[in-house]
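S.K.:
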Amino acid sequence: MDNYLNTLIETYRSNTNKEVAKAQKQYMRNKFEFLGIKTPLRNEILKKHYKTFGKLDIDKSRNYVKYLWELPEREFQYVAINIAEKLSKSFVPQDIDFLEYLIENKSWWDSVDGVVRLNKVYFQKHPELIKEHTNRWINSENFWFQRSALLFQLNNREKMDKELMFEYINKVSHSNEFFVQKAIGWILRQYSKYYPEIVEDFVANNKLAPLSKREALKVIKKNAISS
Numbered sequence: 006m007d008n009y010l011n012t013l014i015e016t017y018r019s020n021t022n023k024e025v026a027k028a029q030k031q032y033m034r035n036k037f038e039f040l041g042i043k044t045p046l047r048n049e050i051l052k053k054h055y056k057t058f059g060k061l062d063i064d065k066s067r068n069y070v071k072y073l074w075e076l077p078e079r080e081f082q083y084v085a086i087n088i089a090e091k092l093s094k095s096f097v098p099q100d101i102d103f104l105e106y107l108i109e110n111k112s113w114w115d116s117v118d119g120v121v122r123l124n125k126v127y128f129q130k131h132p133e134l135i136k137e138h139t140n141r142w143i144n145s146e147n148f149w150f151q152r153s154a155l156l157f158q159l160n161n162r163e164k165m166d167k168e169l170m171f172e173y174i175n176k177v178s179h180s181n182e183f184f185v186q187k188a189i190g191w192i193l194r195q196y197s198k199y200y201p202e203i204v205e206d207f208v209a210n211n212k213l214a215p216l217s218k219r220e221a222l223k224v225i226k227k228n229a230i231s232s
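Every position in the sequence shown, counted from 1, becomes a number in the working numbering once 5 is added.
1) Quick one: residues in its chain with C-beta nearer than 6 Å to the C-beta of A188, no 5 flanking neighbours on either side, listed in chain order?
2) Confirm, please, whether the CB-CB distance from I108 to V117 is below 8 Å.
3) With a threshold of 16 other CB atoms inside 10 Å of the CB of S93, please say whether the residue is buried or exposed.
4) What's the call for Y127, buried or exposed, on a 16-neighbour Cβ count within 10 Å?
5) Checking the sheet assignment: what are the DSSP bridge partners for E78?
6) Might you give, ordered along the chain, the residues of its own chain that have their beta carbon closer than 7 Å to the beta carbon of K36, omitting 5 neighbours on each side?
7) Excluding sequence positions up to five away, which residues of its chain have a Cβ less than 8 Å from the Cβ of K218?
8) According to the neighbour-count rule (16 or more other Cβ atoms, all chains shown, within 10 Å of its Cβ), is M6 buried or exposed?
9) A221 and R194 - do their beta-carbons sit closer together than 8 Å?
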């Protein structure tokens, strides 16, 4: 890899904090190694790097992201997502392979939910591909793809395709997977901030896991208590 990326990697590793890293690793159920760099410092390092070495070369960005994704320390996956966000404005249809690589490799809620933001930009640029790819995800046996199909519309507010949301929820509402149940509740809870009656009616008339129901109705119940 070139000097631009090598210097960035060396700078992060020079800021290792073993005590913080130990706590971060435990929090993530010992699934990943950590450098022990908290979010504010991680972002500041990246900001200074851009200022010193200049803007990203878009043509190299995909390779940078994949290289960082393969490094053992979890901070590098977070940095990769930051770099991919810079790239996202130039997403082309073929970048679905790139996004699926990020979803499928080193999968956990933190990385997958980070990639959700990238998916959202991709589908905003290429709405004609929404059904093709998200339908494949929701029907996948990989629950991280299912979670991604549920959450790509997160915070869409009035632009939410609620029929598609409800269709996908019903396809996986039987799932025993925590991260799928949580995603169902999360997308419904966000939508309930704008259309509480619709969400309340859907929850009442469809079979959902208790976790999904609790999450879906949190805002509605909170507002009912405070009113």
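Note that the Cβ used here is the ideal one computed from N, Cα and C, for glycine as well.
M.R.: On the basis of the data shown:
1) Taking the sequence shown and counting its residues from 1, the one referred to as residue 188 is at position 183. Contacts found: R152, L155, L156.
2) Working through the sequence shown from its first residue, we reach residue 117 at position 112. Working through the sequence shown from its first residue, we reach residue 108 at position 103. In this structure, I108 lies closer than 8 Å to V117 by Cβ.
3) One-based indexing of the sequence shown puts residue 93 at position 88. Counting Cβ neighbours within 10 Å, S93 comes out buried, since at least 16 surround it.
4) Looking up residue 127 in the sequence shown gives position 122. Y127 is buried by the Cβ-count criterion.
5) For the purposes of this step, residue 78 is taken as residue 73 along the sequence shown, with counting starting at 1. Paired residues: E38.
6) To locate residue 36, count along the sequence shown from 1; it is residue 31. The answer, listed in chain order, is W113.
7) To locate residue 218, count along the sequence shown from 1; it is residue 213. Here the set comprises G190, V208.
8) Taking the first residue of the sequence shown as 1, we reach residue 6 at position 1. It counts as exposed.
9) For this step, residue 194 is matched to residue 189 along the sequence shown. For this step, residue 221 is matched to residue 216 along the sequence shown. In contact: R194 and A221 (Cβ atoms closer than 8 Å).
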